[in-house]
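From first to last, the protein sequence lines stand for chains A and B.
Here the numbering used here is used: the first residue of the first sequence is 1, the next is one more, and so on.
Here the numbering used here is used: the first residue of the second sequence is 1001, the next is one more, and so on.
Here a beta-carbon is modelled for each residue, glycine too, at the ideal position from N, C-alpha and C.
Only one structure is covered here, and it is reproduced in the block below.
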Amino acid sequence: MRTFEYLKPASVNKALALLDLYGDQAKLIAGGTDVMVQWKKRIISPQVLISLRNLAELSFIKFGGGLEIGAGTTHRALELSPEIREHFPVIHDAVSNLGSVQVRNSGTIGGNICNAAPSADTAPPLLVLDTNVRIASTKGERTVAIRDFFRGPSRTVLQTGELVTLFSIPAPLPRTGMAYSKHTRRKAMDLPIVGVAVLLSFEEDLKTCRKAAIALGVAAPTPMRAANAEAFLAGKPVDKTTLLEAGKIASEEASPRTTIRGSAWYRKEIIRVLVRRTGLICMERAKGAARS
Amino acid sequence: MKNKDKPPELQPFFDKNIAGDVVPSIGISMPRIDAYAKVTGRERYAADYYGFDMIWAGVKRAGIPHARLKSVNTQAAENLPGVIAVLTHKNISGSNRQGVIRKDQPVLVDDKVRHCGDAVALVLAEDKETLAKAIKLTSADFEPLPGVFTTETALEENAPLVHEDHPGGNVLLKASLEIGSVQSAKEHCDVLVEACFETPLVEHAYLETEAGWAQLKEDGKLEIVASTQTPFRDRMEVADALGLEPERIRMIAPYAGGAFGGKDGVTVQSLLGLAALHANGRPVKMWWSREESFIAGTKRHAARMYYRLGAKADGSLHSLDTRLYFDTGPYDHLGGVVITLALEHSGGPYRIPNVSFKGWAVYTNNPIGGAFRGFGVAQVTAAMEQMMDMLAEKLAMDPLKLRLKNAVRKGDKNCVGVTLTHSTGLVECLEAVARHPLWTERAAWKSKAGPFKRRGAGIVALMHASGYGPVVPDVANAKVELTAEGKIKVYCGVVDMGQGNAATNLQIAGSILCQNVDRIELILPDTDRTLPSGSASASRCTYTFGNALIGACETLKLRILQRAADLLMVDDCDETALIPGAVRHLPTGREIPLHRLATFMNESERTATQRFRAPTAKEIPPVGNEIRLHGFPHTLFSYGAHLVRVEVNELTGVVDVKRYLSVSDCGKIINPHVYEQQIQGAIAQGIGYALSEEVQVNEGKVLTADLATFIIPAASDVPEIESQPVEIYEPSGPYGLKGVGEIATNGPLPAIANAVADACGVRIFRSPLTPSRVLRALRERLSEGGVH
Chain A
1 MRTFEYLKPA SVNKALALLD LYGDQAKLIA GGTDVMVQWK KRIISPQVLI
51 SLRNLAELSF IKFGGGLEIG AGTTHRALEL SPEIREHFPV IHDAVSNLGS
101 VQVRNSGTIG GNICNAAPSA DTAPPLLVLD TNVRIASTKG ERTVAIRDFF
151 RGPSRTVLQT GELVTLFSIP APLPRTGMAY SKHTRRKAMD LPIVGVAVLL
201 SFEEDLKTCR KAAIALGVAA PTPMRAANAE AFLAGKPVDK TTLLEAGKIA
251 SEEASPRTTI RGSAWYRKEI IRVLVRRTGL ICMERAKGAA RS
Chain B
1001 MKNKDKPPEL QPFFDKNIAG DVVPSIGISM PRIDAYAKVT GRERYAADYY
1051 GFDMIWAGVK RAGIPHARLK SVNTQAAENL PGVIAVLTHK NISGSNRQGV
1101 IRKDQPVLVD DKVRHCGDAV ALVLAEDKET LAKAIKLTSA DFEPLPGVFT
1151 TETALEENAP LVHEDHPGGN VLLKASLEIG SVQSAKEHCD VLVEACFETP
1201 LVEHAYLETE AGWAQLKEDG KLEIVASTQT PFRDRMEVAD ALGLEPERIR
1251 MIAPYAGGAF GGKDGVTVQS LLGLAALHAN GRPVKMWWSR EESFIAGTKR
1301 HAARMYYRLG AKADGSLHSL DTRLYFDTGP YDHLGGVVIT LALEHSGGPY
1351 RIPNVSFKGW AVYTNNPIGG AFRGFGVAQV TAAMEQMMDM LAEKLAMDPL
1401 KLRLKNAVRK GDKNCVGVTL THSTGLVECL EAVARHPLWT ERAAWKSKAG
1451 PFKRRGAGIV ALMHASGYGP VVPDVANAKV ELTAEGKIKV YCGVVDMGQG
1501 NAATNLQIAG SILCQNVDRI ELILPDTDRT LPSGSASASR CTYTFGNALI
1551 GACETLKLRI LQRAADLLMV DDCDETALIP GAVRHLPTGR EIPLHRLATF
1601 MNESERTATQ RFRAPTAKEI PPVGNEIRLH GFPHTLFSYG AHLVRVEVNE
1651 LTGVVDVKRY LSVSDCGKII NPHVYEQQIQ GAIAQGIGYA LSEEVQVNEG
1701 KVLTADLATF IIPAASDVPE IESQPVEIYE PSGPYGLKGV GEIATNGPLP
1751 AIANAVADAC GVRIFRSPLT PSRVLRALRE RLSEGGVH
C-alpha cells in the first residue's frame, strides 16, 4: 500500500533534526497545495512527510522599512496585510490572484518558492525586490540571494537537511513603484502563461530611472531577471516608448517553451506587452508613493 | 458534552424548505426544492454513498489507442492482500456490448482496444489504496494496431478499421438530404459564400464525475444507484451486456451533479453490475477520478464543416450546401443521432429553397464523441451563423435584417422541408434584439474603445428541436399519489441532473392539487418505483413529463373531489375544492382533512397515472428510414436570438466578453427562476466553448486530462447576462411551455466569433478563439496590409 508517515514537529529545530534523520526519504510539506498534487500523481513518493504547517516561528510578516516574511506565511495572510498592500504592492498583486481563496489559505510563500515551478507567482516579485533567502540546517544558517536560489524546474540550491525559514527584503529606494501582472487563460484560478514583475525607482524628477528590476515567470526553466532590459532602462527617462523597448529586450532575453498551456511565440509576445503595461503601473504607483 | 460516537442526525430536507409554507403557482419564481439540501451538502448524489462493508471497484484502462488484446494478466493483482476479484471479459456471460443504437462498446475489452480509455479489467478491493495498487499490478499484452485519429484519415481508402465488422467501414452513419437543387447555385445566386469551420472536442466537466454503487440483494435483485440521465434505458443495456433479465435489475437515479449529456447512457453501470455479481452481496462503489472522466468519458464531437451559402442580391437565401464531418470516436455513443440532429439544424432557422446536406459520423481511435448539451446543433450553429454574417458583409447588409428577412415563421417550411405548425417565435426574438439599446447604441459604444482595444457586437439566430423525432416514442408516464397520511407523492420518471425539473414537477403538482410545498414529496427516478419516462435529454424533460404529470394530477384531483363529495353527501363535486391539507365544501364551509379522506380510499384509488407522447412531424422528407430512426425530423422547436458585445485586446488577442443579451422563445414559463438558470448556465458553458475549452489529443491520448489544462470559465469570465423571454403560448406544451435546456448554449460561439469579426475584421474559422489564435489572425491581417 502506498503510504507515508506524517510527522508534525513543534519547532523548526525539531523539523531540522527530523530532516537529518530521514534525509532524502523525507519531504517537507507546508500548505500541501503542490506536495499533495505531486504525491497523488506519483511524481514524488516520500516515506516521510515533515509538516511545517502552523509553525508560529515561520509565519510572520515584519515590516520596518524593509520586510521580513516567514517562509510559512500563507498567501492569504500576505494578501490581507495592509503594510504589504501599501509598501510592497508587487507582492499583493501576486498573491491576490493566486489560485482560489482556499488555496491561498493553505499555500505558503516558502512552499511556492521551494517548489521552484517556472510559473510560481511569488517568484518574480521576490526577484525584483532583491530578496535574500535564509536557509537553515542543523549545521547552521546561510543566506542566498533569490536570483541564485533557483537551479531549474523544481530544482533549487537547497541541500538535503536544509529548509527555508525567511525571506528578507531590503527597503526600497524612495520614489519606487512596483507591480506584478500575469497573463492567464481565464480571469481566476489559473497559472500564468507569463508572469511579469517590474520595479522602477526614480530620480527626484519622477521620470529618470534610477533603478529598474524586471523579473519574468514561465519565460525560462527558472523564474529569471531580465538583465538587459533593466540595463536599458537604467538612467533613461521612463515612458511608453522606453518601456516598449524594454519589453522587446526582455522578450529577447526570455527562452520560453511551447506547452499545452501556451506556445513560445505567444509567450514572447505577452512578455513585451506585460513589461510595458506593468512598467506603466509602476510609474503611477511611484507617483502615488511620492505624493503620500 | 456531545456524544462523539454518534453523528448528528440529518433532518429531512423538506423540514427546512426555503420555499416555505406556500401553495405553488404556475408562472411564479419559487426557490428550488433541491436548493437547500444541495447548498448545505445534505443532498446525497450517487457519489455520496458509503455503505457498510463497502467494496471499491476500479478499472484498468488500456492506455493505448488501437490494439488487439492478447491477454490480461491478473495474477499479480489477485495475489495482493485486500483484492477481492480481478475480472475480465471472460467473467461476462452476456453480450458484453453496450450502446443505444449500434451496440459496439464492450464493458470489458475482449477482442480489440479502440481508444485509450477502454476498460480492460475490473478490479474489486477492500479499499481505495489497495484498488489503486491492484490496478497498477494488472497488465495486458497488446498487439498494437495503426490507428485513425482524424476524420480525413479515417475516410481514406485503406484506412485501418475501427470496427472490422461494420458494413460502413469507419463511417458509423452517413446522413444526407436534398431539397431542390444546389447544382446550379452559381447561376442562380448573386452572392456565394464559402468556408470551412472546425470546432473542438469538448469535455462536459460536471462537478460530479461518473459514479455509483451497486449491490446484489438477497432476493437476487441487482440494485444499481448511478449518476445517470437514463435509468430505464440503462437497465436494458446492462441486462443485455451482462446476460441478465431486465427485471432482475433495479436502477436508481438520484439527483445528478451535472451531466450535460455525458451521462446519457451507460458509464459506470455495467461495470458496477458486474462487480456486484462478484462481491458476495457486499455493496460496491465506483467513482471515476477527474482524469479518468476526461479519458474514458464521452465528449462533444469535434467537427469539421464545409459550408457554401448562396443568396439573391436582395438577401433572400437561395441555396445551401453543407458537408459535416463529426469525429465520433470508437463507439456509437449516440453519434448517429448527433450527426442527424446536426444535419437537421445545419441550415439554421431559415427558409432556404435549395439545400444539399451531408453528414458523416466517423469512427476514430480518439476519445468517444457523444451527447453534449446542444447535441450537434452547437457545432452547426457555429458554422451557419458565421456564414450569415459573412453573407451580410458581402451583401453590405445589416446582419440582423438579413436574418429577419429569411427567418422562419409559423406555417413556413423550414429548410429541411418540415411545415412549422407549432409556435414559432424567431421573428419576435430578433425584433427584441433589434430594439435593444445594446444593439441600437452599439456604434457609440464601439467608438469608445480604449487604446489597443477593438470593440464589436455580434448576433445570432437560434433554433433547437425538442424530443426524439418520429420513430423512437417520446413518451413519459407520470404517477402521483395521495398517501395514506394525506400527503402527495410525485413519482418523477425523468432524471433531474441539475436543471431543476424535479422542482418544476413539484410546482405543477402543488398548483393543481393546491397543496403546500412541504406536503409534497418527490420520488426520484427508480425503475422499481417510478414509471418509464425516457431520458433526461433532448430539451424534452418538462415538456414531455410535465404534460403527463398534469394529466395524472387532474385525474387524482377529480378522484379526491368526488370521494369528498360522496363523504360530504353533496351531489356535485364542483361544489368542493382542494385547499392545503383538506377538501372544503364551498357552500357550507365543511372540510375533510386529506389524511382522513385517504383512509376511505384504497391504494389504487389514491394513485393516478398518465401517459403522454410528444407530437411528431407528419411530413416525410426525402431521407432514408435509417435517418428517421435516428430522429429526423422534428416538429417542435424553441427559438432564440443572442447579442454579445466583446472587446478585443490587439496586443494580446484576449477577447473580453462585456455584455450578453439572450432573447428566447421557449413558450410560457412555469418558473422564471429555473428558466433564468438554464439560460445563464447554458451561456456560461457556451462562452467556455467559444473561448477556451478544447480537449487536446495526440494520437488518441488526452493531453488535457484535468481542469488545470482544460480551461472552463470562472465566474469572473462570465459577463452580465440579460435574458428576455418571448413568451408565446405553445398549445401542445404544459401550460404553453417548450424546452429551454439546450438552445442557449448554441449561441455564444458564433455570436462571439461574429463580434470579433465586427471588432477587428478577422474571422477565425477554428474555435475556440484562444488569445493566440486571435493574435495570430490580427497579425496576419496586418501583414496583408489590410488595416481596417
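DSSP-derived helix/strand/coil call for residue i
{"i": "GLU1730(B)", "result": "coil"}
{"i": "LEU206(A)", "result": "coil"}
{"i": "VAL1427(B)", "result": "helix"}
{"i": "SER1071(B)", "result": "strand"}
{"i": "ALA1443(B)", "result": "helix"}
{"i": "SER1095(B)", "result": "coil"}
{"i": "THR1555(B)", "result": "helix"}
{"i": "HIS183(A)", "result": "strand"}
{"i": "HIS87(A)", "result": "helix"}
{"i": "ALA1211(B)", "result": "strand"}
{"i": "PHE1014(B)", "result": "Note on PHE1014(B): pLDDT 42, under 50, position unreliable in the model; the coordinate value appears next. Residue state, collapsed to three classes: helix."}
{"i": "GLN1677(B)", "result": "helix"}
{"i": "VAL1418(B)", "result": "coil"}
{"i": "VAL1182(B)", "result": "coil"}
{"i": "ALA136(A)", "result": "strand"}
{"i": "ARG1776(B)", "result": "helix"}
{"i": "LYS1006(B)", "result": "In this prediction, LYS1006(B) scores a pLDDT of 45, lower than 50, which makes its location untrustworthy; the coordinate-derived value is nonetheless stated afterwards. Note: LYS1006(B) maps to coil in three-state DSSP."}
Per-residue burial, residue i [other beta carbons within 10 Å of its own, 16 or more giving buried]
{"i": "PRO170(A)", "result": "exposed"}
{"i": "PHE1142(B)", "result": "buried"}
{"i": "GLU1784(B)", "result": "exposed"}
{"i": "VAL1697(B)", "result": "buried"}
{"i": "LYS1668(B)", "result": "buried"}
{"i": "ASN1158(B)", "result": "exposed"}
{"i": "SER1346(B)", "result": "buried"}
{"i": "VAL194(A)", "result": "buried"}
{"i": "LEU1320(B)", "result": "buried"}
{"i": "LYS1263(B)", "result": "buried"}
{"i": "GLN102(A)", "result": "exposed"}
{"i": "SER1692(B)", "result": "buried"}
{"i": "PRO1451(B)", "result": "exposed"}
{"i": "SER1181(B)", "result": "exposed"}
{"i": "ASN1365(B)", "result": "buried"}
Residue nearest to residue i in terms of C-alpha spacing, selected from the options
{"i": "GLY1686(B)", "options": "TYR1735(B), GLY1747(B) and THR1267(B)", "result": "GLY1747(B)"}
{"i": "ASN1282(B)", "options": "GLY1261(B), LEU1341(B), THR1555(B) and TRP1213(B)", "result": "Residue identity check: residue 1282(B) is Arg in the sequence provided, not Asn. The shortest C-alpha separation from ARG1282(B) is found at TRP1213(B)."}
{"i": "ALA293(A)", "options": "PRO118(A), LYS211(A) and ALA220(A)", "result": "Lying before the first or after the last residue shown, residue 293(A) is absent from chain A, which here runs from 1 to 292."}
{"i": "SER1638(B)", "options": "GLU1428(B), LYS1174(B) and LEU1222(B)", "result": "GLU1428(B)"}
{"i": "GLU1727(B)", "options": "LEU1737(B), ALA1239(B), ARG1235(B) and VAL1718(B)", "result": "LEU1737(B)"}
{"i": "THR3(A)", "options": "SER11(A), VAL48(A), GLY23(A) and THR176(A)", "result": "VAL48(A)"}
Residue i beta carbon near the ligand MG (any heavy atom closer than 7 Å)
{"i": "PHE1294(B)", "result": "Within the structure as shown, the ligand MG is missing, as the structure has no ligands at all."}
Query raised in the report: Listed from N- to C-terminal order along the chain, which residues in the region 1297-1328 of chain B have their beta-carbon within a distance smaller than 8 Å of any beta-carbon of chain A?
Result: none
Query - Contact residues within the region 1713-1725 of chain B, judged by C-beta distance below 9 Å to chain A - result: PRO1713, ALA1714, ALA1715, SER1716 and ASP1717
Report task. Mind checking the region 1201-1216 of chain B against chain A and listing, in chain order, the residues whose C-beta falls within less than 9 Å of any C-beta there? Result -> none
Query raised in the report: Taking a cut of 8 Å between CB atoms, which residues from the region 63-95 of chain A lie near chain B?
Result: Of all residues in the region 63-95 of chain A, none places a beta-carbon less than 8 Å from a beta-carbon of chain B.
Report task. Closer than 8 Å, Cβ to Cβ, to anything on chain A: give me those residues from the region 1117-1142 of chain B, in chain order. Result -> Identification of residues in the region 1117-1142 of chain B having a C-beta nearer than 8 Å to some C-beta of chain A yields GLU1129, THR1130, ALA1132 and LYS1133, given in sequence order.
Query raised in the report: Taking contact to mean at least 3 C-beta pairs separated by less than 8 Å, is the region 263-273 of chain A in contact with the region 1765-1784 of chain B?
Result: The answer is yes - the region 1765-1784 of chain B touches the region 263-273 of chain A, with three or more Cβ pairs under 8 Å.
Report task. Check whether the region 1735-1752 of chain B touches the region 1687-1695 of chain B, counting contact only when three or more Cβ pairs, one atom from each stretch, lie closer than 8 Å. Result -> yes
Report task. Tell me, please, whether the region 1495-1502 of chain B touches the region 1468-1483 of chain B by the rule of three or more beta-carbon pairs shorter than 8 Å. Result -> no
**Report entry** Cβ-based contacts, 9 Å cut-off: residues of the region 1695-1706 of chain B near chain A
**Finding:** GLN1696, LEU1703 and THR1704
Report task. Would you list, in chain order, the members of the region 188-216 of chain A that have their beta-carbon closer than 9 Å to a beta-carbon of chain B? Result -> ALA188, MET189, ASP190, LEU191 and ILE193
**Report entry** the region 1269-1281 of chain B contacting the region 1359-1371 of chain B, beta-carbon criterion three pairs below 8 Å
**Finding:** Too few Cβ pairs lie closer than 8 Å, so no.
Query raised in the report: At a Cβ cut of 8 Å, what residues of the region 248-263 of chain A count as close to chain B, listed as they run along the chain?
Result: Under the 8 Å Cβ criterion, the region 248-263 of chain A contributes ILE260, ARG261, GLY262 and SER263.
Query raised in the report: Do three or more CB pairs link the region 221-232 of chain A to the region 114-121 of chain A at distances below 8 Å?
Result: Output reads yes: the region 114-121 of chain A touches the region 221-232 of chain A.
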